[in-house]
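Peer 1:
Protein chains: 2
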Amino acid sequence: MKREEIIEAISQKFREMSTETIMFHQAVADVLGLHITDHKSYDLISRFGAMPAGRLGELTGLTTGAVTGIIDRLEEAGYVRRTDDPKDRRRTIVEPIRNKKLERKIEAIFIPLHERIHKILSSYSDSELAFLLDATTEHVDQTREESKRLRSVKRHTSMK
Amino acid sequence: MKREEIIEAISQKFREMSTETIMFHQAVADVLGLHITDHKSYDLISRFGAMPAGRLGELTGLTTGAVTGIIDRLEEAGYVRRTDDPKDRRRTIVEPIRNKKLERKIEAIFIPLHERIHKILSSYSDSELAFLLDATTEHVDQTREESKRLRSVKRHTSMK
DNA sequence: AGTCATTATCTTACTCATTTAGATAGTAAA
DNA sequence: TTTACTATCTAAATGAGTAAGATAATGACT
Chain A
727 MKREEIIEAI SQKFREMSTE TIMFHQAVAD VLGLHITDHK SYDLISRFGA
777 MPAGRLGELT GLTTGAVTGI IDRLEEAGYV RRTDDPKDRR RTIVEPIRNK
827 KLERKIEAIF IPLHERIHKI LSSYSDSELA FLLDATTEHV DQTREESKRL
877 RSVKRHTSMK
Chain B
727 MKREEIIEAI SQKFREMSTE TIMFHQAVAD VLGLHITDHK SYDLISRFGA
777 MPAGRLGELT GLTTGAVTGI IDRLEEAGYV RRTDDPKDRR RTIVEPIRNK
827 KLERKIEAIF IPLHERIHKI LSSYSDSELA FLLDATTEHV DQTREESKRL
877 RSVKRHTSMK
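Residue numbers (the numbering used here), protein chains in the order written: chain A, 727 to 886; chain B, 727 to 886.
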C-alpha cells in the first residue's frame, strides 16, 4: 500500500470509529433502559459529581425545561437525587445516588470493552504507546476544534 | 509516566474521542438543518446507494412507521426520491438525489476536518502510519464486537 | 430597608419524531 | 384460488424537547 493510501485508510478507520461509537452508546442506553439523553446526563453526573441543574443544561446543550424533565426521570428511576444548595436557595443540586444494582450493570457493560482495549494496548511497545497517546490526543483536539468551528458557523448563518 | 498510566491515558482518550465524535455529528446535523436521525439516514443512503425502505429500517433500527416519516421529510427537502421496484411492486426504493447545493454544504463541513486529520497523519513516518492503521483497525473491530455482544445481551434479558 | 435587574428552576402549552396496531396491497406457496 | 406472508403506509397515542413565562431567591444600588 502506498503512503497516501495508508493515510486515507486511517482516515476511513476514524470515520468507522465514529459509527461504531455511536452504535455502542445507543446499545448501552438500550441495555440500561434509558433514553440516550438521560444516559448521557447520568454519565455526566456520575463523572463530574453533583452539580446544579443549570450546569447539566450547559453540558447537554438542552433548555431548562428539558433538564427538569431529565432530572425528574432519573430521580424517578432512582439514579439521582435533588438537594438544596444551602448557599443559594434558588438552586437545585443533582447528585448521583450510589446504586449497587446500577453500578454492577454499568460495570458489566463497560468492563468487557475496557478489557478488550487494555489487552490490545498491552501488546504494544513503550514507544508505540507513547506515539499512540500523541496521535489520539491530536485527533481528539482537532475534532473538538472542528466542532467548535461548526457551532459558530451555525450561529452566524442560521440564527434569526 | 509509567507504562500502565500511558495505557490508561490512551483508554481515556478513546472515551474522549467518543464524546467528541457524538458532539461533532450533532453539530453537523444542526448545520444541515436535519434531525440527527434524518442525517444518519441520508448518510446511509448516500454511502450505500439506493435501497428499499425496509433496509433503511434495519440499518437505523427504527420501525416502519418511523422510516416512512424519515423518507417523507428527506423527499420533501429534496435529498432523496422514492421509486418503484419493478421486480416487486410492494417495495419502495429510496435513492439519493444528486444535489449540488447540499453536496457543497456537506463538503464545506467535512473537508476542513479531513484536512486537519490529513495534515497530522502526513507528519508521521511510514512505520508510524502502518502501526496506526493496525491499532485503529483493532480498536474498531473490538468496539464492533462489543456492540454486537451488548445487543444480544439486551435481546436475552429484556424481551417480553 | 426598598426597589430593580438578574439568575435558577419549574410549569404549561405546544410541536413533532417515534411507536403501536392495523390497513392496504402485492407476492409466494399450497 | 385460497392462505400465509411481506413491504410499506396510515392513524392514534406517547413522550421528549422547546418557548414563554411564572415563581422565587439573590445581589446591587439608592
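The beta carbon of each residue, even a glycine, is placed where N, CA and C say it ideally should be.
As the structure is a prediction and not an experimental result, all values here were calculated from the model.
(1) Quick check on A/M749 - is its C-beta less than 7 Å from some C-beta in chain B?
(2) Identify the residues that DSSP records as bridge partners of A/D810: which are they?
(3) For A/L785, which residues of its own chain have a beta-carbon under 6 Å away from its beta-carbon, when the five flanking residues on both sides are left out?
(4) Look at the alpha carbon of A/V757 and the alpha carbon of B/K826, and state the distance between them as a whole number of angstroms.
(5) If we ignore side chains and look at the alpha-carbon of each, how far apart do B/P778 and B/G787 end up?
(6) Is there a Cβ from chain B that is less than 7 Å from the Cβ of A/V891?
(7) Any C-beta of chain B within less than 7 Å: which residues of the segment 842 to 860 of chain A qualify?
(8) Alpha helix (DSSP H) containing B/S887: first to last residue?
(9) Looking at the structure shown, is A/M727 part of a helix, part of a strand, or coil, going by DSSP?
(10) What residues of chain A sit near B/P838, judged by a beta carbon separation below 8 Å?
(11) Using a cut-off of 8 Å between C-beta atoms, extract the partners of B/R729 located in chain A.
(12) Quick one: give me the first and last residue of the alpha helix (DSSP H) that A/I823 is part of.
(13) Taking 7 Å as the threshold (C-beta atoms), are B/I796 and B/S767 in contact?
(14) Measure how close the beta-carbons of A/L859 and B/I846 come, nearest whole angstrom, since I'm counting them as under 8 Å.
Peer 2: According to the data block:
(1) Interface residue, yes.
(2) A/T818
(3) Excluding five sequence positions before and after A/L785, the CB atoms of its chain that fall closer than 6 Å to its own CB belong to L770, given in chain order.
(4) 41 Å
(5) 14 Å
(6) Residue 891 of chain A lies beyond the residue range present for chain A, which begins at 727 and ends at 886; the question has no answer from this structure.
(7) R842, I843, H844, I846, L847, S848, D852, E854, L855, A856, F857, L858 and L859
(8) Residue coverage of chain B in this structure runs from 727 to 886, which leaves residue 887 of chain B outside it and unanswerable.
(9) coil
(10) E872 and R875
(11) D852 and L855, listed in chain order.
(12) Per DSSP, A/I823 belongs to no alpha helix (DSSP H) and is neither H nor E.
(13) yes
(14) The pair is not a contact, with the Cβ atoms about 14 Å apart (cut-off 8 Å).
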